[in-house]
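Take a look at the structure below.
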Amino acid sequence: MNRRTLLRGLAALPLSGLAATHGALAQSTARKGIVVAEELQKNWKSFLADGTDVPSVADKLKLSKDEWKQRLTPQQYSVLRDEGTERAGTSPLNDEKRPGVFVCAGCGLPLFSSAMKFDSGTGWPSFFTTIPGAFETSRDFKLILPRTEYHCARCGGHHGHVFGDGPAPTGQRYCNNGVALKFVPKNGGA
Ligand SMILES: [Zn+2]
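Take the sequence shown: its letters are residues 217 to 406, numbered as in my numbering.
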């Protein structure tokens, strides 16, 4: 995995968590990966800017087609509501490396922390794990071979596909359309 991302994630852990993680690291590399991924899933809120109010997944957002069209840009609508795919390399979020949280552009649900991101070189923002419960999945056969499609668990908006060729610690690659995401930096700005 991207070592900087790992270190950034560890730096955000409380000291006790860091010690526990280090203890487990010594046990085995496989175990290390699981612990790091679990810690990142637990501590994602430490990447939120102070006072940020985020919606809960239980508070489902259901809108009509017309309401979505008013709320989203045509590009966002194409991806989120029509399962479109943005052109590779077009998202400014490919180069986003600041600490923060990526939320759904449709409904604001937090989906990934910045510590879950890695540079896949594919031209789409990529992540090796997600905030727990953020997504639901389905199989799609659009490219003949089955792929696992994933969508926001709050508004149902399509985000991308998950593949099994990602980096440690999970081996997963969430290939996400940048236009379906909004980045909320921890330290404000942008
Ligand atoms: Zn959503």
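Even glycine gets a Cβ: it sits at the ideal position worked out from N, Cα and C.
The model shown is predicted, which means the values in this text are computed figures rather than measured ones.
Legend entry - Cβ shell of P315 (< 6 Å), same chain only, five flanking positions each side left out: Hits under 6 Å: F263, S330, K402.
Legend entry - For D266, three-class secondary structure by DSSP: DSSP places D266 outside both helix and strand once states are collapsed to three, so it counts as coil.
Inset, instruction - May I ask whether a heavy atom of ligand 1 can be found less than 6 Å away from the beta carbon of R287? - result: No, Cβ of R287 sits at least 6 Å from all heavy atoms of ligand 1.
Legend entry - As assigned by DSSP and simplified to three states, the class of D356: Strand.
Legend entry - Cβ-Cβ distance between A369 and F351 below 7 Å: Yes, the pair counts as a contact, with Cβ atoms nearer than the cut-off.
Legend entry - Burial state of A274, where buried means 16 or more other Cβ atoms lie within 10 Å: So A274 counts as exposed.
Inset, instruction - Tell me whether T389 counts as near ligand 1, meaning its Cβ is closer than 6 Å to at least one heavy atom of that ligand. - result: It should be noted that the sequence gives Arg, not Thr, for residue 389. Not under cutoff, so the answer is no.
Legend entry - Continuous beta strand (DSSP E) assignments of at least 3 residues falling wholly in the segment 328-388: Counting only runs of 3 or more, we get 351-359, 361-368, 374-379.
Inset, instruction - Report the three-state DSSP secondary structure of V395 (helix, strand or coil). - result: Helix.
Legend entry - Neighbour flag for W260 against chain D, beta carbons, 7 Å: Here there is only one protein chain, and chain D is not present.
Inset, instruction - Determine the direct distance from the alpha carbon of F357 to that of D335, and round the result to whole angstroms. - result: Each residue's CA atom was taken as its position, placing D335 and F357 some 26 Å apart.
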